[in-house]
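Reviewing the structure listed below.
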Amino acid sequence: VMLGGKHDEL
Amino acid sequence: MNIFRLVGDMSHLLAIIILLMKMWKSRSVAGISGKSQILFAIVFTTRYLDLFTSFVSIYNTSMKVFFIGTSYVTVYFIYQHFKPTYDSNHDTFRVEFLIVPVGGLAFLVNHEFSLLEILWTFSIYLESVAILPQLFMVSKTGEAESITSHYLFALGSYRALYLLNWIYRYYFEGFFDLIAVVAGCVQTILYCDFFYLYITKVLKGKKISLPA
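Sequences listed follow chains U and X, in order.
Everything in the first sequence is counted per the numbering used here, starting at 2 for the first residue and increasing by one.
Everything in the second sequence is counted per the numbering used here, starting at 5 for the first residue and increasing by one.
As structure tokens, then:
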């Protein structure tokens, strides 16, 4: 699920 | 960031560097599936479209640029630069049988019905099966060069390490992404028989020879 509305993984 | 994800990303980086070095040094793409490399280029292109819209960190952005750039260089090496050494007769996996179902699934099962999110989901699902043409080619040719085996081991290890990363993040950050976890499990499971062969054979100096 997005952290703060974005994907933070590669 | 945690150690599992960092080692996983480094393993992924290493896999890509091993592959490029193998091609450049041996001036040959023998034994490499161009279809898998095309799928990886699609995976990175559809996953990193947020490259310009959302900034996470210098590390994140630079790795995305590196992965996209090297995936296109790899495809160029196979289909242009070292084309005479590309073994298309053994690279016959029907990738449309992967792309269509994965595309449909991404459309139906995703976190948010928006273009960027559906493409991200498509990329996650596609990555989990993108290695199949390569594994299929190794089984067809009946063997793999040891350098190709090292490439596959590093590539398979990266997502296995991401599974540990997701366990870590679940317990320490309350982060959980079911789509990425399920696809990551499928992706890692597909490498299992290769991992077994790699550990029992390649590490003893033998070559991998799958039953053709």
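Note that beta-carbon positions come from the ideal geometry of N, C-alpha and C, so glycine has one too.
Whole-angstrom distance between residue j and residue i, CA atom to CA atom
{"i": "F126(X)", "j": "E177(X)", "result": "25 Å"}
{"i": "K7(U)", "j": "L109(X)", "result": "21 Å"}
{"i": "G12(X)", "j": "L159(X)", "result": "9 Å"}
{"i": "L156(X)", "j": "L119(X)", "result": "31 Å"}
{"i": "D197(X)", "j": "H94(X)", "result": "20 Å"}
{"i": "L167(X)", "j": "S66(X)", "result": "23 Å"}
{"i": "A148(X)", "j": "V142(X)", "result": "6 Å"}
{"i": "S61(X)", "j": "V69(X)", "result": "12 Å"}
{"i": "S32(X)", "j": "G209(X)", "result": "22 Å"}
{"i": "M14(X)", "j": "Y162(X)", "result": "8 Å"}
{"i": "I20(X)", "j": "F117(X)", "result": "32 Å"}
{"i": "L59(X)", "j": "Q41(X)", "result": "Per the sequence shown, residue 59(X) should be read as Phe rather than Leu. The straight-line gap from Cα to Cα measures roughly 27 Å."}
{"i": "L11(U)", "j": "L123(X)", "result": "14 Å"}
{"i": "F199(X)", "j": "H16(X)", "result": "16 Å"}
{"i": "D9(U)", "j": "L207(X)", "result": "35 Å"}
{"i": "F101(X)", "j": "V77(X)", "result": "25 Å"}
For residue j and residue i, believed in contact at Cβ under 8 Å, the rounded distance
{"i": "Y83(X)", "j": "G38(X)", "result": "6 Å"}
{"i": "F140(X)", "j": "F97(X)", "result": "5 Å"}
{"i": "V99(X)", "j": "Y129(X)", "result": "The Cβ separation is near 14 Å, so there is no contact."}
{"i": "I135(X)", "j": "L194(X)", "result": "6 Å"}
{"i": "F48(X)", "j": "Y172(X)", "result": "Not really, about 24 Å apart at Cβ, beyond 8 Å."}
{"i": "A164(X)", "j": "T192(X)", "result": "5 Å"}
Neighbour-count burial assignment, residue i, 16 or more Cβ in a 10 Å radius
{"i": "L233(X)", "result": "Chain X is shown only over 5 to 216; residue 233(X) falls outside these bounds and no answer can be derived."}
{"i": "S132(X)", "result": "buried"}
{"i": "N169(X)", "result": "buried"}
{"i": "K26(X)", "result": "buried"}
{"i": "G73(X)", "result": "exposed"}
{"i": "N6(X)", "result": "exposed"}
{"i": "Y174(X)", "result": "exposed"}
{"i": "S213(X)", "result": "exposed"}
{"i": "W28(X)", "result": "exposed"}
{"i": "A216(X)", "result": "For A216(X), the predicted model reports a pLDDT of 47, less than 50, meaning its position is unreliable and no value from the coordinates is stated."}
{"i": "L201(X)", "result": "buried"}
{"i": "I46(X)", "result": "buried"}
{"i": "I217(X)", "result": "For residue 217(X) there is no data in the structure shown, the boundaries of chain X being 5 and 216."}
{"i": "T57(X)", "result": "exposed"}
{"i": "L43(X)", "result": "buried"}
{"i": "L182(X)", "result": "exposed"}
{"i": "S30(X)", "result": "exposed"}
For residue i, the first and last residue of its enclosing alpha helix (DSSP H)
{"i": "M67(X)", "result": "62-80"}
{"i": "S15(X)", "result": "7-30"}
{"i": "E177(X)", "result": "150-177"}
{"i": "P137(X)", "result": "136-145"}
{"i": "E121(X)", "result": "119-133"}
{"i": "L112(X)", "result": "100-112"}
{"i": "I203(X)", "result": "196-204"}
{"i": "I46(X)", "result": "38-51"}
Any non-hydrogen atom of the ligand NAD within 7 Å of residue i CB
{"i": "F56(X)", "result": "Among the components of this structure there are no ligands whatsoever, and the ligand NAD is therefore not found."}
Candidates the options: closest to residue i by CA position
{"i": "L63(X)", "options": "V47(X), E121(X), L194(X), L10(X)", "result": "The amino acid at residue 63(X) is misidentified as Leu; the sequence shows Tyr. It is L10(X) whose Cα lies nearest to the Cα of Y63(X)."}
{"i": "P88(X)", "options": "K210(X), F56(X), G35(X)", "result": "G35(X)"}
{"i": "K211(X)", "options": "T152(X), S30(X), E121(X), H115(X)", "result": "T152(X)"}
{"i": "E121(X)", "options": "P137(X), S30(X), R51(X)", "result": "R51(X)"}
{"i": "L55(X)", "options": "F71(X), L17(X), L207(X)", "result": "F71(X)"}
{"i": "L23(X)", "options": "Q138(X), K205(X), K144(X)", "result": "Q138(X)"}
{"i": "A184(X)", "options": "H154(X), H115(X), K205(X)", "result": "H115(X)"}
Under 9 Å by beta carbon: chain C residues contacting residue i
{"i": "K210(X)", "result": "Annotation note: the requested chain C is absent from the structure, which comprises protein chains U and X."}
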